[in-house]
Structure formats: C-alpha cells, structure tokens
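One line per chain: the protein sequences are A and B, in this order. Heads up: take any position in the first sequence, counting from 1, add 257, and you land on this note's numbering. Heads up: take any position in the second sequence, counting from 1, add 44, and you land on this note's numbering.
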Amino acid sequence: MVVVVVIVTLFLAGGLFFTLVGSIGLLRFPDFYTRLHATGKCDTLGTGLILIGLIIHHLFHYSGTPLVPVRLIFLIFFIFIANPAATHALMKAAYEVGVKPWKLGDERR
Amino acid sequence: MISVFLISSMLVIFAIFLALYRVILGPGVFNRTVAVNVIGTKTIALLVLIGYYTERPEFFDIALLYAMLNFIGTVIFARYLERGELWS
C-alpha cells in the first residue's frame, strides 16, 4: 500500500507543479497572447494529472465502489476537450478585436 | 493520505490567489477573462480534492457542473467581446 501512496503523491505533486507554473506564467509574461500560451496548456495538464492521481487513490482505497471515479474520467475528457476550445475562442476574439502582439523592446502590458 | 490532500488544497488555493492578482489589476478585459477561466479550471481540481478530504463523493457532481458552466461562460464572453452582441 505504501507504493500506491507514493504513486498518488507523485501524481499530485506533478499536477501542483504544472498548476503553480501556469499561475506564475500568468503573472510574469508581458503580453496577453503569451499569458494565454502559458495558462492554456499548464492548467489542462495540471488538472488532468491531479484527477488521474485521485482516480488511482480511489481504486485502491475504496475498492467497494469502483463506479464513482467514472465521473472523474468524464471530467478529464471534458477538460481536455473544453479548455483548449475556450482558449482558442478567446485568442480568436482578441485577434479579431485588434490586440497587438508584444515585440522585443515594447513595454509590458 | 488526508494530510497530502490538505496540503494540495492549500497549494491550489495559493495558485488561485496568484491568478486573482491578474483578475484585479490586469490591464484590459481579455487578461481578466483569461484569469477567470484559469481560476475556474483550478476550482475543479480544488473541489475534487475537497471531496476526497471530507470523503464525500457528492463534490464530484459539483465539479462536473462547474466545468460545464466555466466553459460555456468563457465561450459566450469571448463571442460577446468579438462581435459586440450575443445573437446575430
């Protein structure tokens, strides 16, 4: 059982790493498009890794109810489809409105 | 195992507060919309972690509902910002 705990902790640590890196990128990058680039992938992967770790935890610790993590599998599928679609919609809207991309030497905005 | 879930929830809440800075002070409406989308995605992971911390699987249904509302809200807001109106 110690092996399962270590595996679940590793999955949670990876997910938290990507989540925190996405948030720091949202703070640090100089432009709207670069911030979208930082968060659109890191958030999807971080939430997916956290949910995969929790599915493994459920299958080994609550083995009497194996149908409960099916909801989490649906949640992973939905996030992996919907989050890039929302990011693409926002980027297309900003490009149509006329937000200029950042170039080297411009000020941060 | 419970303490791992507690520490993970605290770190996710810390990441949410980092994104809240961009919601409050971000220049322009697009930065704020991106930050709200990021907060919604992190809230899904936070709800599932709370569901395992308190051992109540009802939180997973709330997480599913929150994911759908977050996606629909972001797409509709992007469409409104692009066209200036919702239905055309």
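Every residue gets a Cβ at the ideal spot worked out from N, C-alpha and C, and that includes glycine.
In this structure, residue 350 (chain A) and residue 126 (chain B) form a Cβ contact; the two beta carbons are roughly 4 Å apart against a cut-off of 8 Å. Contact residues of the stretch 54–69 of chain B toward chain A are 55, 56, 59, 62, 63, 65 and 66 (C-beta to C-beta distance below 7 Å).
The alpha-carbon separation between residue 49 (chain B) and residue 363 (chain A) amounts to approximately 43 Å. Contact between the stretch 303–319 of chain A and the stretch 268–284 of chain A is established, with three or more Cβ pairs separated by less than 8 Å. For residue 85 (chain B), the closest C-alpha among the options B:101, B:99 and B:59 is that of B:59. Identification of chain B residues near residue 292 (chain A) by a Cβ-Cβ cut-off of 7 Å yields 75 and 78, ordered along the chain. The alpha-carbon separation between residue 267 (chain A) and residue 45 (chain B) amounts to approximately 12 Å. Within the same chain, 75 and 79 come within 7 Å of residue 66 (chain B) by CB-CB distance, once the 5 residues on both sides are set aside. Shortest Cα-Cα distance from residue 264 (chain A) to any of A:289, A:292 and A:311 involves A:311. CA-to-CA, the gap between residue 288 (chain A) and residue 346 (chain A) works out to about 17 Å. Against residue 96 (chain B), the close residues of chain A are 311, 314 and 315, in the order they occur along the chain (beta-carbon pairs closer than 8 Å). The beta carbons of residue 261 (chain A) and residue 313 (chain A) sit about 7 Å from each other, so the pair counts as a contact at 8 Å.
Interface with chain B (7 Å Cβ-Cβ cutoff): residue 300 (chain A) is included. If you draw a straight line from the Cα of residue 354 (chain A) to the Cα of residue 120 (chain B), it is about 15 Å long. In the structure shown, the three-state DSSP call for residue 349 (chain A) is helix.
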